[in-house]
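Chemist:
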Amino acid sequence: MMGGRWGEGLRELRRYPSALMGLAIIAALVAISFYTVVAIPYSEALAQWRGGEVWQRNPVNAAPVWLDRLAGGGAPRTQVVTSAEAEVEESAFTGGRRLRIPLAFDYEAEQFPSELTLFLHARGHDQRPFVRLLWQTPDGREVPLGGYRIGAEERISLSQDRALERRLGGLVPHIGLLAEPGMTAERAAEAAPSVLPGRYTLLMDVLLFDEAARVDAELVLYGRVHGLAGTDHQRRDLSLALLWGTPVALAFGLLAAVGTTVTTLVIAAVGVWYRGWVDATIQRLTEVNMILPILPILVMVGTLYSTSIWLMLGVVVVLGIFSASIKMYRAMLLPIREAPYIEAARAYGASNARIVLRYLIPRILPVLIPTFVTLIPTFVFLEASLAVLGLGDPLLPTWGKVLNDAQSQSALYNGYYYWVVSPAVLLMLTGLGFAMLGFALDRVFNPRLRSL
Amino acid sequence: MSPSAVPRPDDAQAPLIAASDLHTWFELRQWGFLRLGAVRAVDGVDFTLAHGEAVAFVGESGCGKSSLARTLLGLHRPTRGEVRFAGRSLGELKGRALKAYRAEVGYVQQDPYGALPPFLDVRRLLAEPLIVHGVRDRAERERRIRAALEEVRLSPAEEYLGKFPHMLSGGQQQRVVIARALILAPRLVIADEPVSMLDASVRVEILELLRHIQCERGLTLAFITHDLSTVRHYAERIFVMYAGRVVESAPVDDLLDHPQHPYTQALLAAIADPDAANATRLREVPAGEPPSLLHPPAACRFHPRCPHFMAGVCDRHDPPDFEPRRRHRSACWLHR
Numbered sequence: 088m089m090g091g092r093w094g095e096g097l098r099e100l101r102r103y104p105s106a107l108m109g110l111a112i113i114a115a116l117v118a119i120s121f122y123t124v125v126a127i128p129y130s131e132a133l134a135q136w137r138g139g140e141v142w143q144r145n146p147v148n149a150a151p152v153w154l155d156r157l158a159g160g161g162a163p164r165t166q167v168v169t170s171a172e173a174e175v176e177e178s179a180f181t182g183g184r185r186l187r188i189p190l191a192f193d194y195e196a197e198q199f200p201s202e203l204t205l206f207l208h209a210r211g212h213d214q215r216p217f218v219r220l221l222w223q224t225p226d227g228r229e230v231p232l233g234g235y236r237i238g239a240e241e242r243i244s245l246s247q248d249r250a251l252e253r254r255l256g257g258l259v260p261h262i263g264l265l266a267e268p269g270m271t272a273e274r275a276a277e278a279a280p281s282v283l284p285g286r287y288t289l290l291m292d293v294l295l296f297d298e299a300a301r302v303d304a305e306l307v308l309y310g311r312v313h314g315l316a317g318t319d320h321q322r323r324d325l326s327l328a329l330l331w332g333t334p335v336a337l338a339f340g341l342l343a344a345v346g347t348t349v350t351t352l353v354i355a356a357v358g359v360w361y362r363g364w365v366d367a368t369i370q371r372l373t374e375v376n377m378i379l380p381i382l383p384i385l386v387m388v389g390t391l392y393s394t395s396i397w398l399m400l401g402v403v404v405v406l407g408i409f410s411a412s413i414k415m416y417r418a419m420l421l422p423i424r425e426a427p428y429i430e431a432a433r434a435y436g437a438s439n440a441r442i443v444l445r446y447l448i449p450r451i452l453p454v455l456i457p458t459f460v461t462l463i464p465t466f467v468f469l470e471a472s473l474a475v476l477g478l479g480d481p482l483l484p485t486w487g488k489v490l491n492d493a494q495s496q497s498a499l500y501n502g503y504y505y506w507v508v509s510p511a512v513l514l515m516l517t518g519l520g521f522a523m524l525g526f527a528l529d530r531v532f533n534p535r536l537r538s539l
Numbered sequence: 440m441s442p443s444a445v446p447r448p449d450d451a452q453a454p455l456i457a458a459s460d461l462h463t464w465f466e467l468r469q470w471g472f473l474r475l476g477a478v479r480a481v482d483g484v485d486f487t488l489a490h491g492e493a494v495a496f497v498g499e500s501g502c503g504k505s506s507l508a509r510t511l512l513g514l515h516r517p518t519r520g521e522v523r524f525a526g527r528s529l530g531e532l533k534g535r536a537l538k539a540y541r542a543e544v545g546y547v548q549q550d551p552y553g554a555l556p557p558f559l560d561v562r563r564l565l566a567e568p569l570i571v572h573g574v575r576d577r578a579e580r581e582r583r584i585r586a587a588l589e590e591v592r593l594s595p596a597e598e599y600l601g602k603f604p605h606m607l608s609g610g611q612q613q614r615v616v617i618a619r620a621l622i623l624a625p626r627l628v629i630a631d632e633p634v635s636m637l638d639a640s641v642r643v644e645i646l647e648l649l650r651h652i653q654c655e656r657g658l659t660l661a662f663i664t665h666d667l668s669t670v671r672h673y674a675e676r677i678f679v680m681y682a683g684r685v686v687e688s689a690p691v692d693d694l695l696d697h698p699q700h701p702y703t704q705a706l707l708a709a710i711a712d713p714d715a716a717n718a719t720r721l722r723e724v725p726a727g728e729p730p731s732l733l734h735p736p737a738a739c740r741f742h743p744r745c746p747h748f749m750a751g752v753c754d755r756h757d758p759p760d761f762e763p764r765r766r767h768r769s770a771c772w773l774h775r
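Sequence order for the protein chains is B and L.
Counting from 88, one number per residue, gives the positions in the first sequence under this note's numbering.
Counting from 440, one number per residue, gives the positions in the second sequence under this note's numbering.
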């Protein structure tokens, strides 16, 4: 029905490079959203973001891989050596069996790993198995790492073994075990220790006392870089939050913008059409609402009630209903109210509802589209601001939550710039995309700018 | 069924619409309750229009012609008096009956571009009255829209259906406005200065078109105009309005050839006449300003400007309608 005018406007949009850029950014964000929602289902995303087990094999606060590439490389990725790949030698003794499991791996990176942990997984035993560990370096040195009686799930953190650290001359085990021979803490203060590249082996001597008993081992050399977005202090992969933050941000922005725009527009049109006490009431409500501070109210609701993102959305929309834009819409609608075509519509019997919805509102829609588009990112920013203030949704991974975590862990002070920069860049891109499209739309649809 | 085929009642002389003692005042208020006075736009008007009659209401700007039109359309509620349409009082119509009345009366406005919603194409804006009046069948709507366009000589209709108002010329826009006024098959069409905003070249065409449709359909047509020069060809009766009142009414020829009221005489004297002799002759034009409708002059509204002013009469007593000639009424004490 209105195809002609809208189609014309959209065709004209192609003349603005900024509009195309904005559209490309928005399209990319939308594509990411769709991919995310399909690839990582909502419930799974929530479960993963809660943290724990899932992230055990991730390093803490690792930078994104591409960041290391830019810096010239050399940072190790996480390396996992499992007993399943090892050549196990088995021998029997009275009362049990003895397994020799060599966990061998090549270490070629320039930098040391960030942590060294051995995960042991034992099954089918009545009496707990016993494990003795021996570290073999490429140059033939052997470092005994002690013996452990292990339960069903055992996590042996070699990095935190203080005794081992003393034996390694005061060097943290994940450095000391992989460093050039003869390196100690005192010498490390003068010249940074360097890695001795080559084939290392963690030789496990396992004593099993039951016929059915089995032991699986996993040696994890945590890297210093991880994935596309790095990890946070809880080993969580930040790409999960950055990915899921996209649909959440877009949905929040869009719903809030639609909710406030549609309601304010209809209310303003109703006031303009009926005039009298209806209009007066709407105007007074708006004036009262205009002086209410929205952020403190949201903070209050979040503190006292719940910080669920949907509740926040509801509060934002409710507070937005009688917002200042009612004044703007009213000013735009007042002259249209007196237009002859409205009088003609009354003369052929159009109802009040029809006049408001079909004759008043469509007339200003073209001018509103740009405002609407530029309104979306302001709500995205509002959601992020709330999250940074600690009022983000407690369950959902969002950009604002990432920023909040980064702030609480002093990311910038500790040099984890990626932690702050990536969500911030995504937020800025969102704002930029919608703003560029909005400004171009404004030029196309706003008659006053058109003549320029 | 084509609207023009609707059989009209055979009572050509029975009144279709009648106004009696009609007043439309607009109250001026301050702060919503303090009454400052009232603009007396329509201030005691009586007339009767028969079926199939074409009449013209003539007067200066601000004499209340347009307010009268809107009151007849039911857009303004009369302050006093009543409008009766086909025997029923307009004030009693509510809901369905009022909506039915709106289908009976077509409205052609002055500014054709403003009268058409700029965001709807011709098909859509002509469909609107049909949708409002419950014509649900799409094919039926399309048929009536095409018929209406053909009737106002916008043919072939296909060429105009998809156009937006701004793509049409002024004359074409006014034809669309007329088509919209006719699409509900009204019995009365009120045309408020239908050609005053058009190019001189298309004025005659539009007036001819209205007259033609009126004859064809047997419509009652009420022109509102300030232009006495063209009225003779398009109306059968004329009502001359001054300051919210009808001061003279007569069949068109009689009124133009034998004006009785001093105001009508002044109006006729002011019509431009392409005669070389006029170049040197000085015309008499009524002195003074059109009266304020907020504080109209007492008694005869025209007395401050009247060349025949009789002190103690014209400014004391309201002149009743005299009938100095047959079917020719004039409200002036000169006919006493």
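Just so you know, even glycine gets a beta-carbon here, dropped at the ideal spot from N, CA and C.
Is the CB of V445 (chain L) under 9 Å away from at least one CB in chain B?
Modeler: Translated into positions along the second sequence, residue 445 (chain L) becomes position 6. With a pLDDT of only 41 at V445 (chain L), under the threshold of 50, the placement of this residue in the model should not be trusted, and no figure is reported.
Chemist: If we cut at 9 Å on Cβ distances, does Y546 (chain L) have a partner in chain B?
Modeler: As a first step, residue 546 (chain L) must be located in the second sequence, where it is residue number 107. Closer than 9 Å to some Cβ of chain B, the Cβ of Y546 (chain L) qualifies, so yes.
Chemist: Have a look at P736 (chain L) and P556 (chain L) and give me their C-alpha separation to the nearest angstrom.
Modeler: Counted from its first residue, the second sequence places residue 736 (chain L) at position 297. Counted from its first residue, the second sequence places residue 556 (chain L) at position 117. Taking the straight line from one Cα to the other gives about 40 Å.
Chemist: May I ask you to list the residues that DSSP assigns as paired with L203 (chain B)?
Modeler: In the first sequence, the residue the question calls residue 203 (chain B) occupies position 116. Answer by DSSP bridge pairing, in chain order: B:L308.
Chemist: Tell me whether the beta-carbon of D757 (chain L) lies closer than 9 Å to the beta-carbon of S769 (chain L).
Modeler: Your numbering for residue 757 (chain L) matches position 318 in the second sequence. Your numbering for residue 769 (chain L) matches position 330 in the second sequence. Cβ distance not < 9 Å, so D757 (chain L) and S769 (chain L) don't count as in contact.
Chemist: Pop quiz: L186 (chain B) and L290 (chain B) are said to be a contact at Cβ under 8 Å. What is the actual Cβ separation, rounded to whole angstroms?
Modeler: Working through the first sequence from its first residue, we reach residue 186 (chain B) at position 99. Working through the first sequence from its first residue, we reach residue 290 (chain B) at position 203. About 11 Å separates the two Cβ atoms, so there is no contact after all.
Chemist: Apart from the five residues just before and just after P454 (chain L), which ones in its own chain have a Cβ nearer than 7 Å to its Cβ?
Modeler: In the second sequence, counting from the first residue as 1, residue 454 (chain L) sits at position 15. If we look at P454 (chain L) and ignore the five residues flanking it on each side, its Cβ neighbours are T487, L488, A489.
Chemist: Kindly list the residues whose CB is nearer than 8 Å to the CB of F268 (chain B), restricted to its own chain and excluding five residues on each side of it in sequence; keep chain order.
Modeler: Taking the first sequence and counting its residues from 1, one reaches residue 268 (chain B) at position 181. First, the amino acid is wrong: residue 268 (chain B) is Pro here, not Phe. Here the set comprises T224, D226, R228, L283.
Chemist: Using CA coordinates, which residue listed in B:R242, B:A316, B:D248, B:V141 is at the minimum distance from D155 (chain B)?
Modeler: For the purposes of this step, residue 155 (chain B) is identified with residue 68 of the first sequence, where counting begins at 1. Per the Cα distances, B:A316.
Chemist: Using a Cβ-Cβ cut-off of 9 Å, state whether E728 (chain L) counts as contacting chain B.
Modeler: Position 289 of the second sequence, counting from 1, holds the residue named residue 728 (chain L). By this cut-off, E728 (chain L) is not an interface position.
Chemist: Comparing C-alpha positions only, which one of B:A149, B:L97, B:I119, B:I369 sits nearest to L329 (chain B)?
Modeler: Start at 1 with the first residue of the first sequence, and residue 329 (chain B) comes out as number 242. Considering only alpha carbons, the answer is B:I119.
Chemist: Just to confirm, is the Cβ distance from A620 (chain L) to G545 (chain L) under 9 Å?
Modeler: Within the second sequence, the letter at position 181 stands for residue 620 (chain L). Within the second sequence, the letter at position 106 stands for residue 545 (chain L). Against a cut-off of 9 Å, the Cβ pair of G545 (chain L) and A620 (chain L) comes out as a contact.
Chemist: Classify G525 (chain B): buried if its beta carbon has 16 or more other beta carbons within 10 angstroms, exposed otherwise.
Modeler: Residue numbering aside, residue 525 (chain B) sits at position 438 when the first sequence is read from its first letter. Flag for G525 (chain B) reads buried.
Chemist: In angstroms with no decimal places, state the Cα-to-Cα distance between E655 (chain L) and A630 (chain L).
Modeler: Translated into the one-based positions of the second sequence, residue 655 (chain L) becomes position 216. Translated into the one-based positions of the second sequence, residue 630 (chain L) becomes position 191. Cα to Cα, E655 (chain L) sits roughly 17 Å from A630 (chain L).
Chemist: Measuring CB to CB, does E430 (chain B) end up less than 9 Å from R474 (chain L)?
Modeler: In the first sequence, residue 430 (chain B) corresponds to position 343, counting from 1. In the second sequence, residue 474 (chain L) corresponds to position 35, counting from 1. Against a cut-off of 9 Å, the Cβ pair of R474 (chain L) and E430 (chain B) comes out as no contact.
Chemist: Taking just the CA atoms, how far does V679 (chain L) sit from E762 (chain L)?
Modeler: Position 323 of the second sequence, counted from the first residue, corresponds to residue 762 (chain L). Position 240 of the second sequence, counted from the first residue, corresponds to residue 679 (chain L). Going by the C-alpha atoms only, they are around 15 Å apart.
Chemist: Are G310 (chain B) and R164 (chain B) closer than 9 Å when you measure CB to CB?
Modeler: Here residue 310 (chain B) refers to the residue found at position 223 of the first sequence. Here residue 164 (chain B) refers to the residue found at position 77 of the first sequence. For G310 (chain B) and R164 (chain B), yes; Cβs fall inside 9 Å.
Chemist: Leaving out the 5 sequence neighbours to the left and right, which residues in its chain are closer than 7 Å to R755 (chain L) when beta-carbon positions are compared?
Modeler: What you label residue 755 (chain L) is simply residue 316 of the second sequence in a count that begins at 1. Cβ within range, chain order: A738.
Chemist: I'd like to check one pair, A458 (chain L) with V670 (chain L): are the Cβ atoms closer than 9 Å?
Modeler: The count along the second sequence starts at 1 and reaches residue 670 (chain L) at position 231. The count along the second sequence starts at 1 and reaches residue 458 (chain L) at position 19. Contact: no.
Chemist: Are at least three pairs of beta-carbons, each pair with one atom in the stretch 146-155 of chain B and one in the stretch 502-520 of chain B, less than 8 Å apart?
Modeler: With the cut-off at 8 Å, the stretch 146-155 of chain B and the stretch 502-520 of chain B touch.
Chemist: Tell me whether Y435 (chain B) sits in a helix, a strand or coil according to DSSP, three-state version.
Modeler: In the first sequence, the residue the question calls residue 435 (chain B) occupies position 348. In this structure, Y435 (chain B) counts as coil in the three-state DSSP scheme.
Chemist: Does any C-beta atom of chain L lie closer than 9 Å to the C-beta of Y361 (chain B)?
Modeler: Along the first sequence, read from residue 1 onward, the residue named residue 361 (chain B) stands at position 274. It does not: the Cβ of Y361 (chain B) has no partner Cβ on chain L nearer than 9 Å.
Chemist: Quick one: is S428 (chain B) near chain L, going by C-beta distance under 9 Å?
Modeler: Looking up residue 428 (chain B) in the first sequence gives position 341. The amino acid occupying residue 428 (chain B) in the given sequence is Tyr; Ser does not appear at that position. So yes, Y428 (chain B) belongs to the interface.
Chemist: Using a Cβ-Cβ cut-off of less than 9 Å, list which residues of the stretch 413-446 of chain B approach chain L; keep chain order.
Modeler: Residues A426, P427, Y428, I429, E430, A431, A432, R433, A434, Y435, G436, A437, S438, R441, R445, Y446.
Chemist: Along the chain, where does the beta strand (DSSP E) containing G476 (chain L) start, and where does it finish?
Modeler: What you label residue 476 (chain L) is simply residue 37 of the second sequence in a count that begins at 1. Note, G476 (chain L): beta strand (DSSP E), 473-489.
Chemist: Compile a chain-ordered list of the residues in the stretch 446-461 of chain B whose CB is closer than 7 Å to at least one CB of chain L.
Modeler: The residues in question are Y446, P449, R450.
Chemist: Counting only C-beta atoms, is E597 (chain L) closer than 9 Å to chain B at any point?
Modeler: Start at 1 with the first residue of the second sequence, and residue 597 (chain L) comes out as number 158. So no, E597 (chain L) is outside the interface.
Chemist: Which bits of chain B does A542 (chain L) rub up against, with CB to CB less than 7 Å?
Modeler: Here the question's residue 542 (chain L) lines up with position 103 in the second sequence. Within chain B, the residues near A542 (chain L) are G436.
Chemist: Just tell me which of L:F472, L:V561, L:H515 has its CA closest to the CA of R479 (chain L).
Modeler: Position 40 of the second sequence, counted from the start, is the residue given in the question as residue 479 (chain L). Minimum Cα distance to R479 (chain L) is reached at L:H515.
Chemist: Going straight from the alpha carbon of V405 (chain B) to that of E140 (chain B), what length do you get?
Modeler: On the first sequence, position 318 is the one that residue 405 (chain B) refers to. On the first sequence, position 53 is the one that residue 140 (chain B) refers to. Distance between the alpha carbons of V405 (chain B) and E140 (chain B): 40 Å.
Chemist: Can the beta-carbon of H208 (chain B) be found less than 9 Å from the beta-carbon of A173 (chain B)?
Modeler: For the purposes of this step, residue 208 (chain B) is taken as residue 121 along the first sequence, with counting starting at 1. For the purposes of this step, residue 173 (chain B) is taken as residue 86 along the first sequence, with counting starting at 1. No, these two residues do not count as a Cβ contact at 9 Å.
Chemist: Just grab the DSSP bridge partners of D324 (chain B) for me.
Modeler: Walking along the first sequence from the start, residue 324 (chain B) turns up at place 237. Looking at the DSSP assignment, D324 (chain B) forms a beta bridge with B:T318.
Chemist: CB-CB under 6 Å to S412 (chain B), same chain, minus the five flanking residues each way: which ones, in chain order?
Modeler: In the first sequence, residue 412 (chain B) corresponds to position 325, counting from 1. T351.
Chemist: If you draw a straight line from the alpha carbon of L607 (chain L) to that of I710 (chain L), how long is it in whole angstroms?
Modeler: Reading the second sequence from its first residue, position 168 is the one you call residue 607 (chain L). Reading the second sequence from its first residue, position 271 is the one you call residue 710 (chain L). Going from the Cα of L607 (chain L) to the Cα of I710 (chain L) covers about 32 Å.
Chemist: Is the Cβ-Cβ distance between R322 (chain B) and N145 (chain B) less than 9 Å?
Modeler: Taking the first sequence and counting its residues from 1, the one referred to as residue 322 (chain B) is at position 235. Taking the first sequence and counting its residues from 1, the one referred to as residue 145 (chain B) is at position 58. Yes, they are a contact pair.
Chemist: How would you call P484 (chain B), buried or exposed, if buried means at least 16 neighbouring beta carbons within 10 angstroms?
Modeler: Working through the first sequence from its first residue, we reach residue 484 (chain B) at position 397. Buried, since its Cβ has 16 or more Cβ neighbours within 10 Å.
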